[in-house]
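Just so we're aligned: the sequence shown equals residues -1 to 321 in the numbering used here.
Even for Gly, the Cβ is constructed at its ideal location relative to N, Cα and C.
Because the structure is a prediction, the values reported are computed rather than measured.
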Amino acid sequence: MAWVNNLGTYSAMGAMDVMLTYRPSESGVHRLNPFVMLSWLFAVLMAAMVLQHPLWLAGVLLSTVPVAAAAGVTAQWRSVMRFVLWMAVAVVLINAVVGTQGSHVLLSAGFRLPLVGTPWLTVESLAFGGAMSVRLAAIISSFTLINLCVHPDDLMRAAIKLRLPYRSVLATSLSFRFIPVLMQDARTIMDVQRSRGLSFSSGGLAQRIRNRGALILPLLSNSLDRAVQVAEAMEARAYGAPVQRTYYRDRRMSPLDRALIVVLWCGTAFVLWLRTAGVGDFTYYPSLSTLSMTSYEWMALLLLLAALVAVPLGGLVARYAHD
-1 MAWVNNLGTY SAMGAMDVML TYRPSESGVH RLNPFVMLSW LFAVLMAAMV LQHPLWLAGV
59 LLSTVPVAAA AGVTAQWRSV MRFVLWMAVA VVLINAVVGT QGSHVLLSAG FRLPLVGTPW
119 LTVESLAFGG AMSVRLAAII SSFTLINLCV HPDDLMRAAI KLRLPYRSVL ATSLSFRFIP
179 VLMQDARTIM DVQRSRGLSF SSGGLAQRIR NRGALILPLL SNSLDRAVQV AEAMEARAYG
239 APVQRTYYRD RRMSPLDRAL IVVLWCGTAF VLWLRTAGVG DFTYYPSLST LSMTSYEWMA
299 LLLLLAALVA VPLGGLVARY AHD
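Rendered as structure tokens:
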């Protein structure tokens, strides 16, 4: 059982490391302007949060798969989605226990829980939990692909060009960069402590907590040292001096990038129009709506997916144009 616990710890930390680490590549998606990827992210987020129909949410999630394939990060993306699968199972189970609404009762517990009452397992609660899991997976998938395909410096420059506060943008960028580094430091410290005979999986719960406390001081010391080094580097580069800021490297926007941005923002506007028109809605409580859709709704879904998959298609065009 010890190696199972260690494997679970490494898999969780590895998935988070993959999710928050940029992967350089020569793919067409990596060559796109950061504003294109940010527009795609915004379109996916709007579709995932606004739409309610399970088939529409599944379509939004599936639209992120071609982006991963075109960017050549399918293996990294798949490892994160396996981690999200366990989160989805937890969401469904928690909603099934807590959500006592619904007219089609499958099971009824013979006891009461504080603040919840008698737990009921209903078809509606299972369907709602599943739909929310698909929505969560679509959101995490889009953020994962942004982190894998867009360099943090490009994201920071894009945020600065949008006139966001520079100090806040820099602090956010440094925070995202430090998270994978801290996880790598934690894994290294765990290996060092294991080589000295310390076990992180043996003993009771209190003993495991005390053993993992051996990670805190070395990890905190490394973090403080790295923070001091970053502060010295920023001071050496005259950070905060009242001068006109320039860019060492800037990503020019090509006609293809402009066309993709227009398509993606049209897709976002289309999602908002669908919301106001009632297309893509679905009722979960007290009874489920029917999953069937009209030909008009299928056509609208295909148009939305066409706008979302414009990014991988544009990436292929950019790659062949560069070659």
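- In the pairwise beta carbon analysis, the region 41 to 56 is classified as touching the region 137 to 153: at least three pairs are separated by under 8 Å.
- Boundaries of the beta strand (DSSP E) around Thr120: Trp118 to Thr120.
- In this structure Val228 touches Leu172 by the C-beta definition: roughly 7 Å separates them, less than 8 Å.
- One Cα belongs to Arg317, the other to Met297, and the distance between them is close to 30 Å.
- Judged by DSSP in its simplified three-state form, Gly211 adopts helix.
- Here Asp279 carries a coil assignment [DSSP, helix/strand/coil].
- Cβ-Cβ separation between Leu53 and Met291: approximately 7 Å, consistent with a contact (criterion under 8 Å).
- Here Ala156 is near Pro32, since their CB atoms are less than 9 Å apart.
- In the same chain as Ile144, and ignoring 5 residues on each side of it, the C-beta atoms closer than 7 Å to its own belong to Met35 and Leu39, in chain order.
- In the assembly as shown, Ile259 is a buried residue. Its beta-carbon has 16 or more other beta-carbons within 10 Å.
- Between Arg185 and Phe198, the C-beta spacing is not below 9 Å.
- Each of Gly70, Met154, Ala308 and His28 was checked against the Cα of Val261, and the nearest Cα belongs to Ala308.
- In terms of Cα proximity to Val89, the closest of Leu134, Tyr294, Gly195 and Val63 is Leu134.
- Gly26 places its beta carbon less than 9 Å from that of Gly313.
- The three-state secondary structure of Glu24, taken from DSSP, is coil.
- Asn93 carries a helical assignment under DSSP once its states are collapsed to helix, strand and coil.
- Residues Tyr164 and Val167 of the same chain have their beta carbon placed closer than 7 Å to that of Ile158, with the five preceding and five following residues left out of the count.
- For Ser37, the enclosing alpha helix (DSSP H) covers residues Pro32 to Val48.
- Straight-line measurement puts the Cα of Met188 at about 12 Å from the Cα of Leu215.
- In the same chain as Val48, and ignoring 5 residues on each side of it, the C-beta atoms closer than 6 Å to its own belong to Val269 and Arg273, in chain order.
- The continuous alpha helix (DSSP H) containing Ala304 extends over residues Ser293 to Leu306.
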